Amino acid sequence: MGYKDIYDSWASNPEDFWMRAAEAIDWDKAPSKALFDKGEGMFEWFADGMTNTCWNAVDRHVENGRGEQVAIIWDSPITHTKREITYVELRNRVATLAGALRAKGVEKGDRVIIYMPMIPEALEAMLACARLGAIHSVVFGGFAAHELAVRIDDAKPKCIIAASCGLEPNRVVHYKPLLDGAVDQATHKPDFCVIFQREQEVATLTPGRDVNWHGFQYGVEPAECVPVEGNHPAYILYTSGTTGQPKGVVRHTGGHLVALNWTMKNIYNVEPGDRFWAASDVGWVVGHSYICYAPLIHGNTTIVFEGKPIGTPDAGTFWRVISEHKVKSFFTAPTAFRAVKREDPKGDFVGKYDLSCLNAVYLAGERADPDTIQWAQSQLKVPVIDHWWQTETGFAIAANPLGIEELPVKLGSPSVPMPGYDVRILDEGGHEVKDGELGAIAIKLPLPPGTLPTLWNAEERFKSAYLTHFPGYYETGDAGMKDEDGYLYIMSRTDDVINVAGHRLSTGAMEEVLSNHPDVAECAVIGVTDPLKGQLPMGFLCLNAGCDRPHDEVVKEAVKLVRDQIGPVAAFKLCTVVDRLPKTRSGKILRATMVKIADGAEFKTPATIDDPAILGEIREAVTPLGYAKEPA
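Just so you know, we're using my numbering here: the sequence shown kicks off at 1 and counts up by one.
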């Protein structure tokens, strides 16, 4: 069956489609049906089934005779360390950790915050929680104390599991002082904290509260898997950029297992035993879905990578890891490839490694510009697939499903909707627009298994944030269009559609044009306030390494490109060269913050920012353009 057959089989009978997909999961008690309608746009999947995530991700592979297969490969160029953990070793380690947590009082329904870097113990902590039916909330390692405190007060964890430190290429990130500060600030106090001591920094334990990771596991009885209901929360994940009241995305156990397992073959085209690498972080949704859970549920080997695309030690790190560990399917963010391309535009490092094991590359996290995709295609000689999803959905809304059928790649499009997603393009009134017209992207309810059923302790906020604007639909917050073949084009966040003298224009479309300039490695376009036209586009260009041309020449050519390809209606004249763009640690460009800087508005430095110093550089760059006036 091809893509259309499978999509149509879902559309004609979603209940049957997902019940068949659920047969690939081990259930202690099989669900009686797939979909449970809770009313008011609220849905749950496999709610009356009983299962356990850790059993499906670890134990069943051991029971099925594959215990000696490698489950996790840890590759840390920062510490010059590589390690392999088999499924049977992983089961024993996780069962012991879970037993130690249980002995300290952690049980089904309790929350556990995990504050760890990219080490195997982070996955072990997640799986140990799942084993007990505890609900974990992973907070990106190194998050500021205040932001961690906000999450502690919202999740109210019985326990926090943390590492003593994280590592960047040139520095040690001290986790323990941040953790101590967060616990001091938080109103809610955890019963205890488990500290994994890294050899790069041994933290001081707080008497009466902190226990040593290794010491508290000594002599405990390993824990068995605790069956939980299909609608039992597996985890809470706070969305990046959260300020004030946190926005905790909830993931239910049954749908999470079924959906993620389905994606590994159908979207990523891997078989059990194949090696899969998602170069992300456990603190982000990609790390939850495709470093920890999906590969292990499906019986793959997953790579845990502690390093950077460049600088650890060079722009060939990705290719070294793929070659050395025989990675079949590779998933990363477009920004990572842009960083590599900027350092190595001719791909000199690619030729140094045998990449014959690699079948495909997947990009997600923000829009993949055609120039980056073309560069990757020409260098790697494999399909480079842009696919689109969100923290809220947990897996791809739209993709090119290589495990079903390799569809033609259309540059600038993440291809077509996956089964479970009925995607519509709507105008402000909630009416569908014509093919090729820009509108708000919405998904007809119900959302598929594995997507968020609600927000943690915030059901009304869930409804107002996602369900109210377009009744009967989930509002994605993204803007785009659909072509006559059903391919989606995600142009920008809804608030990145700017209004220039009455014309609705996509900043993403302008970025696509700018990225085609041969000297431009990366770019961003924002809408700034203009008294005459309402808004004007402003472009920021990062140039390729080794480009020694005068900046004003490149800017002049870039402005002409936009005028030629989008037209004078774009009124694109404001443009500048910068050394780097402000981003979150997951690689998303902080466009909303850039807008506030340019407009001279008050703003709060986002908690997720990679390097706050860049914001000052942006202010300096836009001041000569007549912007970044001080707030009144």
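Where is the CB? At the ideal position from N, CA and C, for every residue including glycine.
From a predicted model like this one, the values you see are computed outputs, not experimental measurements.
Is the beta carbon of residue i sitting closer than 7 Å to the one on residue j?
i	j	result
Ser323	Leu355	yes
Thr584	Thr605	no
Trp18	Ala34	yes
Val321	Leu358	no
Asn261	Ala24	yes
Thr86	Glu107	no
Trp658	Ala376	Summary: the structure shown does not reach residue 658, with the chain confined to residues 1 through 632, and so no result is reported for it.
Asn400	Ser413	no
Thr79	Pro222	no
Leu426	Phe470	yes
Ala333	Gly365	yes
Ser137	Ile236	yes
Trp27	Thr53	no
Thr206	Asp153	no
Val500	Ala571	yes
Arg198	Ala163	yes
Tyr238	Arg151	yes
State the beta-bridge partners of residue i as determined by DSSP.
i	result
Pro233	His252
Pro537	Gly527
Val416	Ala399
Met42	Gly39
Val150	According to DSSP, which records beta bridges pairwise, Val150 is partnered with nothing at all.
Asn457	Bridge partners of Asn457: none, in fact.
His188	Answer is none; His188 lacks a bridge partner.
Asp638	This structure cannot speak to residue 638, because the chain is shown only from 1 to 632.
Tyr115	Ala162
Near residue i, which residues of its chain fall below 6 Å by C-beta distance, leaving aside the five closest residues on each side in sequence?
i	result
Ala315	Val340, Glu343, Asp344 and Phe349
Arg20	none
Ser32	Asp48
Gly142	Gly166 and Val173
Glu620	none
Tyr93	Looking at the sequence shown, residue 93 is not Tyr but Arg. Answer for Arg93: Glu124, listed in chain order.
Leu178	Ala145
Arg91	Val58, Asp59 and Val62
Tell me the residue span of the alpha helix (DSSP H) that contains residue i.
i	result
Thr335	Pro334 to Glu343
Arg563	His551 to Gln565
Glu121	Pro120 to Leu132
Thr372	Pro370 to Leu380
Ala294	Ala294 to His298
Ile322	Thr317 to His325
Where do the ends of the beta strand (DSSP E) carrying residue i lie?
i	result
Glu306	Looking at the DSSP string, Glu306 is not in any beta strand (DSSP E), and its letter there is neither H nor E.
Trp18	Here Trp18 belongs to no beta strand (DSSP E); instead the alpha helix (DSSP H) covers Pro14 to Ala22.
His174	Arg171 to His174
Asp478	Tyr473 to Lys482
Tyr362	Ala360 to Leu363
Glu620	Unbroken run through Glu620 is the alpha helix (DSSP H), Ala613 to Val622; no beta strand (DSSP E).
Lys82	Thr81 to Thr86
Glu107	First-last for Glu107: undefined, no H or E at that position.
Glu168	Cys165 to Glu168
Thr593	Segment Arg591 to Asp599 is the alpha helix (DSSP H) holding Thr593; no beta strand (DSSP E) there.
Val282	Per DSSP, Val282 belongs to no beta strand (DSSP E) and is neither H nor E.
Taking the alpha-carbon positions, what's the residue i to residue j distance?
i	j	result
Ser329	Ile267	10 Å
Glu406	Leu590	33 Å
Pro295	Thr253	16 Å
Thr451	Cys165	32 Å
Ser506	Val497	5 Å
His325	Val270	15 Å
Thr242	Met118	Any reading at Thr242 needs caution, since the residue's pLDDT is 40, under 50, leaving its predicted position unreliable; the model's value is listed next. The straight-line gap from Cα to Cα measures roughly 22 Å.
Val249	Ala458	10 Å
Trp213	Tyr290	25 Å
Glu229	Asn13	24 Å
Val433	Asp191	54 Å
Thr476	Ile113	27 Å
Leu101	Leu257	23 Å
Val578	Thr372	19 Å
Pro157	Glu89	28 Å
Leu132	Asp37	28 Å
Pro313	Pro77	7 Å
Apart from the five residues just before and just after residue i, which ones in its own chain have a Cβ nearer than 7 Å to its Cβ?
i	result
Gln185	Ala145, His146 and Ala149
Ala521	Arg338, Lys341, Arg342, Cys542, Leu543 and Asn544
Ala57	Leu127, Tyr293, Leu296 and Ile297
Contact criterion: CB-CB distance below 7 Å. Does residue i meet it with respect to chain B?
i	result
Arg563	The structure shown contains no chain B; it holds only a single protein chain.
Take residue i and list the residues in its own chain whose beta-carbon comes closer than 8 Å to its own, dropping the five residues that flank it on each side.
i	result
Cys547	Asp519 and Val554
Asp483	Lys410, Ser413, Asp435, Gly436 and Tyr489
Leu445	Gly41, Phe43, Leu467, Gly472, Tyr473 and Tyr474
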